[in-house]
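Each protein sequence line maps, in turn, to chains A and B.
Counting in our numbering, the first sequence runs from 4 upward without gaps.
Counting in our numbering, the second sequence runs from 4 upward without gaps.
What follows is a short report on a single structure.
There are 2 protein chains.
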Amino acid sequence: MATLEELCVQAGLKMTGQRKTILKVLGEAEDHPSVESVYERSRAVDPSISMATVYRTLNILAELGLVTRHEFHENFSRFELNMEHHHHLIDVESGSVIEFQNEEIELMKQQIARDLGYELVECRLELYGKKIKN
Amino acid sequence: MATLEELCVQAGLKMTGQRKTILKVLGEAEDHPSVESVYERSRAVDPSISMATVYRTLNILAELGLVTRHEFHENFSRFELNMEHHHHLIDVESGSVIEFQNEEIELMKQQIARDLGYELVECRLELYGKKIKN
DNA sequence: GTAGCTGCAAACTCTTTGCAACTCT
DNA sequence: AGAGTTGCAAAGAGTTTGCAGCTAC
């Protein structure tokens with residue numbers, strides 16, 4: 004199982020200090036950080052990193068499919084490492100994000116796409132909900 | 004069954020010429036127009052309409068829940084009238100959008116949210132696919 | 001050595017907003 | 001009449017990019 008860094012090198016990227024830092028930040032993130040967050044966390048490690056580099060790196064990673072870009076109806080993007088496939092439930096009151104998986108839905112997605120004459124390439128499912136109080 | 008205009012009036016909006024035009028454009032749209040598109044189509048009817056008004060109107064309509072804002076991973080928003088609930092399959096090659104409905108998925112969404120302790124408020128499901136050639 | 005990467009600042013794109021004039025009701 | 005709406009132009013926010021210097025390989 005290749006590490007993130009190895010995957011990047013395989014893709015022909017140079018392993019600069021900045022990239023290592025950003026990859027580390029992404030690897031340690033337990034949330035879905037905005038570019039701003041990735042920038043701040045990276046800066047805490049290496050204060051010389053610029054916003055431009057963070058943007059450039061995230062775009063490259065997204066293109067390589069190592070990272071997923073989300074738009075949870077905010078006016079900016081959030082990113083997360085592309086680990087196992089899952090979906091999101093966004094708490095409309097707090098903005099917090101819960102991940103979930105569901106095998107049945109995976110199968111149905113495939114089926115729906117096929118029925119429409121398409122091969123499923125990607126998919127987003129976002130539930131927006133209010134916490135039920137007891 | 005109230006018309007769009009009636010719903011707006013009920014919500015306390017004044018029925019100006021510009022708004023009538025924009026509502027007409029939205030009502031006639033068979034696609035998921037960008038703000039730019041709504042602007043152009045509205046201008047064809049009434050050339051005095053400004054971009055600012057289109058933005059303002061779409062935002063109000065979205066707030067009233069009469070219109071849905073989409074972000075299909077472009078760098079701008081698309082809108083569509085909030086008619087019956089459905090989801091989208093986006094052709095990754097042509098960018099064209101196909102609508103679909105699926106009762107089973109509706110039920111599962113509800114179930115998943117409830118299992119996580121949430122009341123489902125809204126939901127987005129987007130499939131991205133490649134057309135299967137025969 | 002050199003292709004690729006970086007920081008900086010300027011540029012871009014989409015969207016929002018302050019304001020004075022105007023218009024539905 | 002008056003609150004709400006509009007067009008305009010300027011401002012905002014997030015993101016991208018040109019360039020000269022730097023760095024991994």
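Idealized CB from N, CA, C, for every residue including glycine.
Since this is a predicted model, take the numbers as computed values, not measurements.
8 Å Cβ cutoff, residue i in contact with chain B
i	result
Gly-132(A)	yes
Phe-79(A)	no
Leu-92(A)	yes
His-35(A)	no
Val-38(A)	no
Glu-74(A)	yes
Length of the line joining the Cα atoms of residue i and residue j
i	j	result
Ile-135(A)	Ile-93(A)	13 Å
Leu-110(B)	His-88(A)	21 Å
Leu-10(A)	Leu-67(A)	9 Å
Tyr-121(B)	Gln-114(B)	9 Å
Val-41(A)	Gly-15(A)	23 Å
Glu-31(A)	Leu-123(A)	30 Å
Gln-13(B)	Arg-22(B)	14 Å
Asp-79(A)	Gly-132(B)	Per the sequence shown, the amino acid found at residue 79(A) is Phe instead of Asp. C-alpha separation (whole angstroms): 25 Å.
Leu-128(B)	His-90(B)	6 Å
Ile-108(A)	Ile-108(B)	7 Å
Glu-39(B)	Ala-47(B)	12 Å
Cβ neighbours of residue i in the same chain (closer than 7 Å, five flanking residues each side left out)
i	result
Glu-81(A)	In the sequence under discussion, the amino acid at residue 81(A) is Arg, which differs from the Glu named in the question. His-35, Pro-36, Ser-37, His-73, Phe-75, listed in sequence order.
Leu-45(B)	The sequence given here places Ser at residue 45(B); Leu does not occur at that position. For Ser-45(B), where only same-chain residues beyond five positions count, the Cβ hits under 7 Å are Thr-24, Ile-25, Val-28, Ile-52, Val-57.
Cys-126(A)	Lys-112
Spatially closest choice to residue i from the options, by CA coordinates
i	options	result
Thr-19(A)	Glu-102(A), Leu-110(A), Glu-125(A), Asp-49(A)	Asp-49(A)
Met-86(B)	Glu-122(B), Val-57(B), Leu-29(B)	Leu-29(B)
Asn-62(A)	Gly-132(A), Gln-13(A), Leu-84(A)	Leu-84(A)
Glu-77(A)	Ala-14(A), Glu-43(A), Val-100(A)	Val-100(A)
Leu-119(B)	Glu-31(A), Ala-55(A), Gln-104(A)	Gln-104(A)
Val-33(B)	Ser-97(B), Glu-102(B), Val-12(B)	The question names Val, yet the displayed sequence has Glu at residue 33(B). The residue with the shortest Cα to Cα distance from Glu-33(B) is Glu-102(B).
Neighbour flag for residue i against chain A, beta carbons, 8 Å
i	result
His-88(B)	no
Val-100(B)	no
Val-95(B)	yes
Sequence-distant residues of its chain with Cβ nearer than 6 Å to residue i (five each side left out)
i	result
Leu-130(A)	Leu-92
Ala-116(A)	Leu-123
Contacts around residue i, its chain only, beta-carbon distance under 8 Å, and the 5 residues preceding and following it disregarded
i	result
Val-70(B)	Leu-29, Leu-61, Leu-64, Phe-82, Glu-83, Leu-84, Asn-85
Glu-96(A)	Lys-133, Lys-134
Given a limit of 9 Å on CB to CB distance, which residues of the stretch 40-67 of chain A reach chain B?
none
Proximal residues, the stretch 103-131 of chain A versus chain B, C-beta separation under 7 Å:
Within the stretch 103-131 of chain A, the residues whose Cβ lies closer than 7 Å to some Cβ of chain B are Phe-103, Asn-105, Glu-107, Ile-108, Met-111, Lys-112, Ile-115, Ala-116, Leu-119, Gly-120, Tyr-121, Glu-122, Leu-123, Val-124, Glu-125, Cys-126, Arg-127, Leu-128, Glu-129, Leu-130, Tyr-131, listed in chain order.
Return the residues of the stretch 17-28 of chain A that lie within a Cβ-Cβ distance of less than 8 Å from chain B, sorted by chain order.
Within the stretch 17-28 of chain A, no residue has a Cβ that lies closer than 8 Å to any Cβ of chain B.
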